[in-house]
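Undergrad: In the numbering used here, the protein residues as written are -9 to 192.
#1: Under a Cβ-count criterion, where at least 16 other Cβ atoms within 10 Å of its own Cβ denotes burial, should residue 119 be classed as buried or exposed?
#2: Taking the alpha carbon of residue -9 as the reference point, which residue from 15, 10 and 9 has its own alpha carbon closest?
#3: Can you check which of these residues, 183, 51 and 162, is closest to residue -3 by C-alpha distance?
#4: In chain order, which alpha helix (DSSP H) runs of at least 4 residues are fully inside the region 70 to 143?
#5: Can you tell me which of 8, 83, 36 and 167 puts its alpha carbon nearest to the alpha carbon of residue 252?
#6: Return yes when at least one heavy atom of the ligand ADP lies under 8 Å from the C-beta of residue 65, else no.
#7: Between the alpha carbons of residue 74 and residue 54, how many angstroms are there, rounded?
#8: One question on the structure: do residue 56 and residue 66 come within less than 9 Å of each other, judged by their Cβ atoms?
#9: Are residue 116 and residue 156 close, meaning C-beta to C-beta below 9 Å?
#10: Spell out the partners DSSP gives residue 157 in its beta bridges.
#11: Would you identify the three-state DSSP class for residue 145, choosing helix, strand or coil?
#12: Where residue 164 and residue 113 are concerned, what is the direct C-alpha to C-alpha distance, given to the nearest angstrom?
#13: In angstroms with no decimal places, state the Cα-to-Cα distance between residue 142 and residue 183.
#14: Entirely within the region -7 to 50 and at least 3 residues each: give me those beta strand (DSSP E) ranges in chain order.
#15: Please work out which residues of its chain come closer than 7 Å, Cβ to Cβ, to residue 1, disregarding the five sequence neighbours upstream and downstream, and give them in chain order.
#16: Assuming residue 153 contacts residue 170 under a Cβ cut-off of 8 Å, what Cβ separation, rounded to an integer in Å, is found between them?
#17: From the DSSP output, read off the bridge partner residues of residue 60.
#18: In whole angstroms, what is the alpha-carbon distance linking residue 192 and residue 39?
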């Protein structure tokens, strides 16, 4: 749901979940169910005013379809009347289970301080890593090597996106094989396979 209480526009993410599973705003204790409907206003508790206020569309929070797949939360960012139905017409662009052993994978997240298009473009230009990320981990211009066999694999389409294949770009990963896949509008996954059997997924 939107991260804003309709009462005083406070961030609901600062609130808490009540014992009955509702989200309670930290500012005045207004409570909302998973559909975004206001269910309780403490200062009006038990009154007709509370019923009227809770039934008002102005006290409702916009919600979005979500699902948890491969230990990640996926959000369908659409609040139209058909959003919940539409989200079932296409599954998230997940990594095929044959490519990933979720139980043995460790996850971490990196926030990139740039816009979406810059982030996607940079992802498909790995040669930047040794220079832009210098000083982070092993990245250094001194370890950069030319990439070999940078090529597209299969068809390129507006619906299915594209896949790129290439080898390494530094002294530490020069022998690995990389597959980078983009599916519109936002799926962006890279798999590095090393000769020793190790795999990294981004």
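C-beta atoms are modelled at their ideal positions from N, C-alpha and C, and glycine is treated no differently.
TA: Taking the geometry as given:
#1: buried
#2: Ranked by Cα distance from residue -9, the first of 15, 10 and 9 is 15.
#3: 51
#4: 73 to 76, 106 to 113 and 119 to 122
#5: Nothing about residue 252 can be reported from this structure: the residues present for the chain run from -9 to 192 only.
#6: The model depicted lacks the ligand ADP and carries no ligand whatsoever.
#7: 8 Å
#8: yes
#9: yes
#10: 167
#11: strand
#12: 17 Å
#13: 17 Å
#14: 28 to 30
#15: Cβ within range, chain order: -7 and -6.
#16: 7 Å
#17: For residue 60, DSSP records no beta bridge to any residue.
#18: Looking at the two C-alpha atoms, the distance is approximately 51 Å.
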